[in-house]
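J.:
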Amino acid sequence: MNVVELILCIIAAVVLSSFLSRFIPKVSTPLVQIALGAAATQLPFFPDVTLNPELFMVLFIAPLLYLEAHEIDKSALLKSLKLSLSLAIGLAIATMVAVGFALNAIWPVIPLAAALALGAALGPTDAVAVSSLGKEASLTLRQRGVLKGESLFNDASGIVGFQFAIAAAVTGEFAVGQAATEFIVSFIGGALFGTAVGLAANWLFETVRSLGWETTTTRILMELFLPFLLYLGAEEFHVSGILSVVAAGLLVRFDRTGVGPNVSRTNIVASSVWGVLSFTLNGAVFILLGMLLPGAMHASWVDPWVSNNMLFGVIALVTGVSVALRFIWVAGMLRIARDANTGKRRPMTADRWRSAAVMTFGGAKGTITLSLMFTIPYYIDAGTPFPMRDELIFIASGVIISTLLLANFLLPLLAPYHAKDDGGELEEITIEVLRRTVEELTGRITPENRRAVLMVIDSYTKRISRLKHRIGALDPAGYGELQIRALNWEKEFVRDRLADAKSHPDADKAAQELNVEACERMLDQIMNSLRHATAGPEAGGLAWQISGRMRGWRHRTMNLIKRTINRIRRTTPLVSEDQIFAHMRTLQVEAIEHVIAMLEEEMTYDRYNTEFCSALILDYRRAEGSLKARPNVQGSAAAVGRAEEVKKESYGIELGVVQDMLEAGDISRSQARALRRNIYVMQVDADSGI
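Numbering (full-length UniProt numbering), first residue to last: 1 to 690.
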């Protein structure tokens, strides 16, 4: 039961971290998760944390490495392969040796083998941690490709080196010849085993699909089963399970075979499952780091034989050695690299030195380093406790936090994200979001909702076409500002209509109630969209967001109270939902005509780009035409409701796609904010019946 409670607590902390990271975007998600883990251990009901090192390796490292290898851009990997391999193998070995000897020299109580194990564990970098950094750092495609390729290959080299160093520390013996032979056998054997299993998996998946036996359930189960099978199978043959997972992940290509809605649906579900699993596993590792860190700190802190100043000094020393060695190595590789066109070595300019610094601080330590340190055994062969185990974990944790902090605060300074009003880039990203949304909607088609979904897909296709024609706009921020201005015009128009409806007490009661109810519902929808759409960078703080939500809740609560009182006063409503729906549609048409008139008037001034006014007028004209072309809603609310629900669901899918692209590092946080703002503006149309 304690294990179940622990798992539930970790998952809850991971979920909470995903929400908190939105409110504190200046801090990376891994740092938030570490803090949550440390805070959770102080709760009285939180279970004690114990970890089986071998189980941890299988449950966390195998699926994470497999997914990382499977999703890496193969073409970008090939282009930067030399530099990636140099960092993954050469720098990993150099880090192992430098950190090991430096640590043993400064603190002789730590055996050399154990110090080398720490150095090997600090070799792997964590590209996931870097890509999730809160502040926007503008990394080039080459820099991102090198960092991802390095993190993939140095996982294997660091783990193999760590395992041999730990074996030497446990047994007290280290035969160079035997170790070299075992290393080669383990390395080559693991790669061959992974290649064989990967090719066999490709054949199996394609055969199952061609025979029509594949279902979404079986496909997901086979995918999830594969990395564990690879790791455990390779270890059973005494070869590197890590390398087998990496080799198979690079080869498996089952998600690219076949066409059709069933295959598309299966691929979408598979991507969603792996996305959730990846975030959960990575988050759980950092939560566990935060949970175990207080215990390791306490054990070392209260130990009278361990100097606290020595601990922090060693953390600073190891961090400094790792960072300095990495900078020297990267700068050296850039200096000796030859230009692809001229074949000559290029001088180290200011930009190239800055690139070396970016690559240095972009190599933060994380998941793999922590996972390896957890696998340090508690006892050696002689039966005595492993020397300085808690201190080694404490040092590794300190280095992880230090490198994450350096990346979090220095990367944006070295490679700041320039919030250029690059309309073409944002429009292209928007098109990609819409395309992914269409793919998701296609996978949700059923005989019952086919017509409604196809109508929504058609609207997305038209939006994509309009965006393609709009590529080249110079100021998307200006266009967004105009959209918000148009929403305010709608709000003012509806408020005036609401005031008129309330100021005629002698009018027909049913007509008055119909006008008031329709106006209040439309005003709710417009205010909700405005609250989201105006959440720009200057208003993105936690206090502002809470204040905005409080205003929205207060407004909706007052309306709900008034409607409840009206229902209590009247046992029989004077108007039906169909009448309200139809009146809202009429009111929306009038509001659209008012906004179009305001936009046409605005075109005579210089406050907004004329092209933006024209484009927005076209959007409102299309919305007006769509409303007028619909049949009367009276008596058919249920029929129209299905299409409206699909449209509202599609906006939820869009928001999910934006979040997925943000977490994957495909877009920056400012771009995500702009995309979300546009979606919130569009939602008012869906909520109003457009």
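Yeah, the Cβ is synthetic: ideal placement off N, Cα and C, and Gly gets one too.
The structure displayed is predicted, hence computed values, not measured ones.
I'd like the span of the alpha helix (DSSP H) that includes H238, first residue to last.
T.: Unbroken run through H238: none, as it is neither H nor E.
J.: Under a Cβ-count criterion, where at least 16 other Cβ atoms within 10 Å of its own Cβ denotes burial, should Q42 be classed as buried or exposed?
T.: exposed
J.: On the DSSP letters alone, give me the boundaries of the alpha helix (DSSP H) that residue 691 sits inside.
T.: Absent from the model: residue 691. The displayed extent of the chain is 1 to 690, so no value can be given.
J.: Give me the Cα-Cα distance between V14 and L6, rounded to the nearest whole angstrom.
T.: The alpha-carbon of V14 is positioned some 12 Å away from that of L6.
J.: Would you check if the region 646-663 and the region 431-443 touch, i.e. whether three or more CB-CB distances between them fall below 8 Å?
T.: Three or more Cβ pairs drawn from the region 431-443 and the region 646-663 lie within less than 8 Å of each other, which places the two stretches in contact.
J.: So is I188 buried or exposed if we call it buried at 16+ other beta carbons inside 10 Å?
T.: I188 comes out exposed.
J.: What is the rounded straight-line gap between the Cα of V3 and the Cα of S307?
T.: 34 Å
J.: In the structure shown, what three-state DSSP assignment does R622 receive?
T.: R622 falls in the helix class under three-state DSSP.
J.: Between L523 and E492, what straight-line distance do the alpha-carbon atoms span, to the nearest angstrom?
T.: 9 Å
J.: On the three-state DSSP scale, how would you describe R346?
T.: coil
J.: Can you tell which of E513, L199, V208 has its C-alpha closest to the C-alpha of Q579?
T.: That would be E513, whose Cα lies nearest to the Cα of Q579.
J.: With a CB to CB cut of under 7 Å and the five nearest residues on each side skipped, what residues in its chain are close to V516?
T.: L498, A501, K502
J.: Since I believe V239 is in contact with V185 (beta carbons under 8 Å), could you give me their beta-carbon distance rounded to a whole number of angstroms?
T.: Contact annotation, V185 with V239: C-beta distance approximately 7 Å; criterion of less than 8 Å satisfied.
J.: Which same chain residues end up closer than 6 Å to G241 when comparing Cβ atoms and leaving out the 5 residues on each side of it in sequence?
T.: Y231, A234, E235
J.: Looking at N449: is its Cβ nearer than 8 Å to the Cβ of V208?
T.: Result no, Cβ atoms of N449 and V208 do not sit closer than 8 Å.
J.: Closer than 8 Å by C-beta to L211: which residues in its own chain qualify, once you throw out the five before and the five after it? Chain order, please.
T.: none
J.: Taking 8 Å as the threshold (C-beta atoms), are L103 and A94 in contact?
T.: no
J.: Which residue's Cα is closest to the Cα of Q163: I106, M57, L226?
T.: M57
J.: Between the C-alpha atoms of L123 and D155, what's the straight-line distance to the nearest angstrom?
T.: For the sequence presented, residue 123 should be read as Gly rather than Leu. Approximately 8 Å between the Cα atoms of the pair.
J.: My understanding is that E71 touches L152, with C-beta atoms under 8 Å, so please give their C-beta distance in whole angstroms.
T.: In fact, because the Cβ distance is near 10 Å, the residues do not count as touching under 8 Å.
J.: Tell me which residues share the same chain as T437 and place their Cβ nearer than 7 Å to its Cβ, disregarding the 5 neighbours each side in the sequence.
T.: Y460, S650, I653, E654, V657
J.: Assuming W329 is part of the alpha helix (DSSP H), what are its boundary residues?
T.: 308-336
J.: Assign L372 to buried or exposed, taking buried as 16 or more other Cβ atoms, counted over all protein chains shown, within 10 Å of its Cβ.
T.: buried
J.: Is the separation between the beta-carbon of R199 and that of L251 shorter than 8 Å?
T.: Looking at the sequence provided, one finds Leu at residue 199 rather than Arg. Yes. Within cutoff.
J.: Alpha helix (DSSP H) containing residue 699: first to last residue?
T.: No answer is possible for residue 699: the residues shown for the chain start at 1 and end at 690.
J.: Would you tell me roughly how many angstroms separate the C-alpha atoms of M598 and R444, rounded to the nearest one?
T.: 39 Å
J.: What first and last residue would you give for the alpha helix (DSSP H) that runs through L6?
T.: Under the DSSP assignment, L6 falls in the alpha helix (DSSP H) whose first and last residues are 2-23.
J.: DSSP three-state label for Y231, please.
T.: Looking at Y231 - three-state DSSP - the assignment turns out to be helix.
J.: According to the Cβ coordinates, are V321 and I395 closer than 8 Å?
T.: Cβ atoms of V321 and I395: not closer than 8 Å.
J.: Using only the alpha-carbon positions, how far apart do A165 and L118 sit?
T.: 9 Å
J.: Cβ atoms of A62 and P227: under 8 Å apart, would you say?
T.: Taking 8 Å as the Cβ cut-off, P227 and A62 qualify as a contacting pair.
J.: DSSP three-state label for P294, please.
T.: P294 falls in the helix class under three-state DSSP.
J.: Let me make sure I understand the geometry here. Which of F46, I401, I106 has the alpha-carbon closest to that of L317?
T.: I106
J.: Determine the closest residue to V456 out of L441, L467, P447, with distance taken between C-alpha atoms.
T.: For V456, the nearest C-alpha among the options comes from L441.
J.: Comparing C-alpha positions only, which one of G37, S84, L587 sits nearest to V330?
T.: Checking every option, the nearest Cα to that of V330 belongs to S84.
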